[in-house]
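All remarks here apply to the structure that follows.
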Amino acid sequence: MLKSIFIDFNAYFASVEQQLQPQLRGKPIAIVPVKALTTFALAASYEAKAYGVTTGTRIGDALVRCPQLILVQARHTEYIRMHHALVDCVNTVIPVKRVMSIDEMVCDLMGGQREPDQARRLANHIKETIHTTVGVALNCSIGIGPNDYLAKTASDMQKPNGLVVIEQHQLPEILYSLNLNDLVGIGKQMLVRLHRHSIYTVEQLFAASEKKLRTVWGGIEGERMYARIRGANVPLAATHKSSISHEHVLEPSLRTVAGASGVIHRLLQKAATRLRSYAMVTAQVTITIKHTTGVKWKKRTHIAPTNDSLHLTQLMSDILGEWTASYTQVPMKVSVELTKLSIADSVPIPLFNTNGPARTKLNESLDHLNSKFGKNTIYVGSAWNGLEGSSTHIAFNHIPQQDDADGTER
500 MLKSIFIDFN AYFASVEQQL QPQLRGKPIA IVPVKALTTF ALAASYEAKA YGVTTGTRIG
560 DALVRCPQLI LVQARHTEYI RMHHALVDCV NTVIPVKRVM SIDEMVCDLM GGQREPDQAR
620 RLANHIKETI HTTVGVALNC SIGIGPNDYL AKTASDMQKP NGLVVIEQHQ LPEILYSLNL
680 NDLVGIGKQM LVRLHRHSIY TVEQLFAASE KKLRTVWGGI EGERMYARIR GANVPLAATH
740 KSSISHEHVL EPSLRTVAGA SGVIHRLLQK AATRLRSYAM VTAQVTITIK HTTGVKWKKR
800 THIAPTNDSL HLTQLMSDIL GEWTASYTQV PMKVSVELTK LSIADSVPIP LFNTNGPART
860 KLNESLDHLN SKFGKNTIYV GSAWNGLEGS STHIAFNHIP QQDDADGTER
């Protein structure tokens, strides 16, 4: 029986721009952080993909492959606004059970909707409603299946603007034409592990025993995969946020020590604000600086658990001191990542506590003022040089809020 409908918006960032700028429709476009040959494509329209331009393609290479490529500077606030409009739109047709990312959502089928013909009609109604109420340039691929996992798999089988239904009686043969890494949960590393166990095809994956998949996955997730691909409604494992990161491609004017340092401090302060909003602390900070030569400088530092902006700022100043002492190359891209996260109340208070009552109140005031009066109303001074260089960017796996204001977030 069909139970799930998965909606995946095609070439989302590019489609939003083609909706907002009708003159771009039907043309190859690439969404970029900045208009420079040294940057890369954040996203590409299907017209550009036909020339081999995809997410991550260096713009210099992209223009060789597609000389008529149009570069469009990213407007992430528009992508967030459109995301919420799309969620609201789908909710008028069928309740959205869960938003998976900025361009994906899943819904439960109920009653008669679980019949194949009715499920298809519902999917087409969703597409039509999106076109009439949000925009004709916003296409989506819809997958329908016995569980969320197979519905997601179905949504990937026909793009763009596809509609694929996987019925229980079609399993497993309907999946045999897929590559292993077409399945959710099988990335590069898992593919290597499957190959080590002589599993090279989806058919061989189905032939493997539950015990063998547990061995391949190294635990219960293998058993869950065994059940999911067979249509079982396996609950997702309980998870919590494991990292917070922001990255930014530097505009040419900021490719200096002062410019890069300012942007890094701004990204750090944003990450700290998000950390506090989740009531969490971090015990590890990583900074990565990629230079125009392609060489990376990376520093990972373990710290006592904290979410204090001033403490993290001092730490970052010390780390950046190491980079500037050996500075010989031009920075192009910077990122800040907070890991080893835990719930604030579950962590023992360090002997020399940076998160005392006064500091906690200060951080709360920072967050309140910026929330009430807008981003950058108040900030730690080390971010001064980076205020204009950390505009909003969204990673595809990030679920954005209306007030997300600024860096690529994960």
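Per the numbering used here, the very first residue in the sequence shown carries number 500; after that it's consecutive.
Every residue, glycine too, gets a C-beta built ideally from N, C-alpha and C.
- When the five nearest sequence neighbours on each side are left out, the beta carbons in the same chain lying within less than 6 Å of the beta carbon of LYS832 are those of VAL748, LYS789, in order along the chain.
- Around the beta-carbon of GLU672, fewer than 16 other beta-carbon atoms lie within 10 Å, marking it exposed.
- In the structure shown, LEU501 falls within a coil segment according to DSSP collapsed to helix, strand and coil.
- Secondary structure at THR772: helix, using DSSP grouped into helix, strand and coil.
- Distance from the CA of SER741 to the CA of ASP587, rounded to the nearest whole angstrom, comes to 29 Å.
- For the pair LEU811 and ALA771, the CB atoms are nearer than the 7 Å cut-off.
- Below 8 Å, enough C-beta pairs join the region 500-519 and the region 537-557 to call them touching: three or more.
- In the three-state reduction of the DSSP assignment, VAL605 falls in the strand class.
- The region 613-626 and the region 646-655 do not touch, with fewer than 3 CB-CB distances between them shorter than 8 Å.
- Under DSSP, the beta-bridge partners assigned to PHE508 are CYS639.
- Scanning its chain for C-beta atoms nearer than 7 Å, with the 5 sequence neighbours on each side dropped, one finds around LEU670 the residues ARG729, GLY730, in chain order.
- Take the alpha-carbon of VAL605 and the one of THR785: they are about 33 Å apart.
- Under a 10 Å Cβ-count criterion, HIS801 is classified as exposed, with fewer than 16 other Cβ atoms of the shown protein chains found around its own Cβ.
- The C-beta distance from ASP607 to SER697 rounds to 37 Å, too long to fall under 8 Å, and the pair is not in contact.
- If one requires a minimum length of 4 residues, the alpha helix (DSSP H) runs lying completely within the region 663-717 are 687-695, 701-706, 709-716, in chain order.
- With respect to the 7 Å criterion, ALA535 and VAL552 are not classified as neighbours on the basis of their beta carbons.
- Here MET599 has VAL605 as same chain residues with Cβ atoms under 7 Å from its own Cβ, once five neighbours each way along the sequence are excluded.
- Counting along the chain, the unbroken alpha helix (DSSP H) around GLN617 starts and ends at 615-632.
- Residue environment analysis places ASP817 among the exposed positions, since fewer than 16 neighbouring C-beta atoms fall within 10 angstroms of its C-beta.
- Distance from LEU568 to PRO527 at the Cβ level is roughly 5 Å; contact confirmed, criterion being Cβ atoms closer than 8 Å.
- As the crow flies, the alpha-carbon of HIS582 is around 13 Å from that of ASN638.
- Taking C-alpha positions only, LEU682 is separated from MET689 by approximately 11 Å.
- Looking at the backbone, the Cα of GLU702 and that of LYS795 are separated by about 41 Å.
- The beta carbons of LEU501 and ARG597 sit no closer together than 7 Å.
- In the DSSP assignment, PRO645 forms no beta bridge with any residue.
- Secondary structure remark: continuous alpha helix (DSSP H) runs of at least 4 residues inside the region 536-569, in chain order: 545-548, 558-564.
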